[in-house]
Amino acid sequence: SKSPPQYSLGEAINCPSYPDAALREHIRAFKEAGFKVLISIQLCQEEWGSSDEWWRQWYQQAQRVTKYHVDIAKEENADALVIAFAGKLPKEDNAPSFASKEWATIIDIAKSSGLPVSFSSGAWGADWPDPHALPHPLALTDFMDKLDFFDVGIHNTLFLDNNNPTQEEIDSKMKIMFNRLELLHNL
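Residue numbers (this note's numbering): 169 to 355.
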């Protein structure tokens, strides 16, 4: 059993590693129960660096984390991978000049698994000011053509002040969400 990747960017990346043996055990248990297993690779952080050197280290870490999970996914017969971290994307303000190349490498590493690969679009909230806006990651990538599917998480802040919405209220808010999915479908 190999050790999970170590994170060297200090407190900026706060990502407790899921123990290798436990991850494998859970994948096997779900596979044996007849479930499809999607492994979502995630880096969680609260602070971002601004120098090219910091970003080079970040992308190297992201590549190592991706490779680590690709190896497990192949060995344990997972069914798909999702890249669920959002370092500076190619079209994002202040993205390093090498962001496109680094993301291409991350996606290529994931695709080396032979599994369908997605990029997480993050959480979609119906409370965003612009009901026609796509979630920021999708608007800022230049690698969508390399992906096999999209992972869409719906961020449910719709009824924070109302824990007993009517069906009409739910339908009204969810219509915004479905309109955004249609925008994504038509890209």
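Ideal Cβ placement from N, Cα and C applies to all residues, glycine included.
All values derive from a computational prediction rather than experimental measurement.
One alpha carbon belongs to residue 203, the other to residue 219, and they sit about 43 angstroms apart.
Judged by DSSP in its simplified three-state form, residue 252 adopts coil rather than helix or strand. Closest option to residue 244, judged by alpha-carbon separation, among 340, 319, 207 and 312: 207. Residue state for residue 319 is assigned as strand, using DSSP reduced to three classes. In the three-state DSSP reduction, residue 285 falls in the strand class (E or B). Rounded to whole angstroms, residue 250 and residue 329 show a C-alpha spacing of 32 angstroms. Bounds of any alpha helix (DSSP H) do not take in residue 211, whose DSSP letter is neither H nor E. Look at residue 339 here: in three-state DSSP terms it is helix. At the C-beta level, residue 316 and residue 264 stay beyond 8 angstroms of one another. In the structure shown, the three-state DSSP call for residue 216 is coil. DSSP places residue 244 outside both helix and strand once states are collapsed to three, so it counts as coil. Nearest C-alpha to residue 210 among 232, 195, 217 and 197: 232.
Taking 8 angstroms as the upper bound for CB-CB distance, residue 246 and residue 195 are in contact here, some 6 angstroms apart.
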